[in-house]
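J.: Chains as they are written, first to last, in the working numbering: chain D, 11 to 122; chain R, 8 to 121. We treat Cβ as the ideally placed atom computed from N, Cα and C, and that holds for glycine.
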Amino acid sequence: DVVLTQTPVAQPVTLGDQASISCRSSQSLVHSNGNTYLEWYLQKPGQSPQLLIYKVSNRFSGVPDRFIGSGSGSDFTLKISRVEPEDLGVYYCFQATHDPYTFGAGTKLELK
Amino acid sequence: EVQLQESGPGLVKPSQSLSLTCSVTGYSITSNYWGWIRKFPGNKMEWMGYISYSGSTSYNPSLKSRISITRDTSKNQFFLQLNSVTTEDTATYYCARSYNLDYWGQGVMVTVSS
């Protein structure tokens with residue numbers, strides 16, 4: 011199975027700061043069709059996970075432009091500029107290129 | 008608007024079967040892919056499997072032959088059955104749409120305990 015390694019495990023931030031989360035894959039996530047199915051989710055306390063970014067860098071409907079996904083191959087990053095209170099929670103990367111699909115272990119974005 | 012809602016028992020005894028329903032509104036399950044995901048106590052998330060628009064399925068091999076995902080297109084629902092459960096199957100279970108999980112249900116917490 012593809013292993014997704016997320017770092018850091020926890021990211022203490024001050025509101026208004028930039029935050030950055032890394033997701034590294036044990037193998038390339040480029041699908042045979044040329045797409046890279048690496049997605050990012052945020053799970054806020056008491057809520058279901060919500061899709062933020064799909065196929066590495068595409069913001070899902072309604073996601074603010076302060077969320078920026080980047081990367082290629084097996085190395086990916088989610089940047090959040092100007093962290094706001096509603097951005098706090100646990101972030102997951104997820105790959106849907108290789109069966110079985112797998113999640114990273116999560117990164118908790120929390121206040122300092 | 009696409010909405011998904013899980014339902015099913017919150018408590019299952021060891022060795023029995025866990026059965027959950029995902030009711031979908033605002034979109035037909037004869038389009039797209041429909042999956043089950045679970046979150047264990049702590050943060051670990053596991054993709055369990057999906058059923059496609061055509062009714063074909065794909066399962067996580069870690070669940071071996073214990074899992075079955077089926078559907079009722081007339082009710083726009085799909086189902087999860089997990090057999091021979093143990094305490095390690097205690098988790099919050101979510102249903103979601105598409106291979107990239109763009110819409111999720113609110114989740115149902117299932118405890119396996121005697």
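Under the assumption that Val-31 (chain R) contacts Gln-88 (chain R) (Cβ atoms under 8 Å), give the Cβ distance between them as a whole number of angstroms.
T.: Rounded, the Cβ-Cβ distance is 18 Å, inconsistent with contact.
J.: State the start and end residues of the unbroken beta strand (DSSP E) segment that holds Ala-29 (chain D).
T.: 29-35
J.: For Ser-24 (chain D), does the three-state DSSP call read helix, strand or coil?
T.: Note on residue identity: the sequence assigns Thr, not Ser, to residue 24 (chain D). In this structure, Thr-24 (chain D) counts as coil in the three-state DSSP scheme.
J.: Quick check on this structure: which residue in R:Thr-118, R:Ser-75, R:Leu-11 has the alpha carbon closest to the alpha carbon of Asn-90 (chain R)?
T.: R:Ser-75
J.: For a cutoff of 9 Å on Cβ pairs, would you count Asn-39 (chain R) as touching chain D?
T.: no
J.: With distances taken Cα to Cα, identify the nearest neighbour of Ser-35 (chain R) among R:Trp-54, R:Arg-73, R:Ile-44, R:Ile-58.
T.: R:Ile-58
J.: Buried or exposed, going by whether 16 or more other CB atoms sit within 10 Å of the CB of Lys-46 (chain R)?
T.: buried
J.: Interface residues of chain R around Asp-109 (chain D) at Cβ under 8 Å?
T.: Ser-65
J.: Any contact between the segment 101-111 of chain R and the segment 63-74 of chain R? By contact I mean 3 or more CB pairs, one from each, below 8 Å.
T.: no
J.: List the endpoints of the continuous beta strand (DSSP E) containing Ser-14 (chain R).
T.: First-last of the beta strand (DSSP E) with Ser-14 (chain R): 10-14.
J.: Taking the alpha-carbon positions, what's the Gly-49 (chain R) to Trp-111 (chain R) distance?
T.: Near 19 Å, if we compare the C-alpha coordinates of Trp-111 (chain R) and Gly-49 (chain R).
J.: Which stretch, first to last residue, makes up the beta strand (DSSP E) that contains Gln-104 (chain D)?
T.: Inspection of the sequence shows that residue 104 (chain D) is occupied by Phe rather than by Gln. It spans 99-105 - the beta strand (DSSP E) in which Phe-104 (chain D) sits, taken as one unbroken run.
J.: So which residues of chain D does Asn-83 (chain R) contact, with C-beta pairs closer than 8 Å?
T.: Residues of chain D passing the Cβ test: none, with the nearest at roughly 19 Å.
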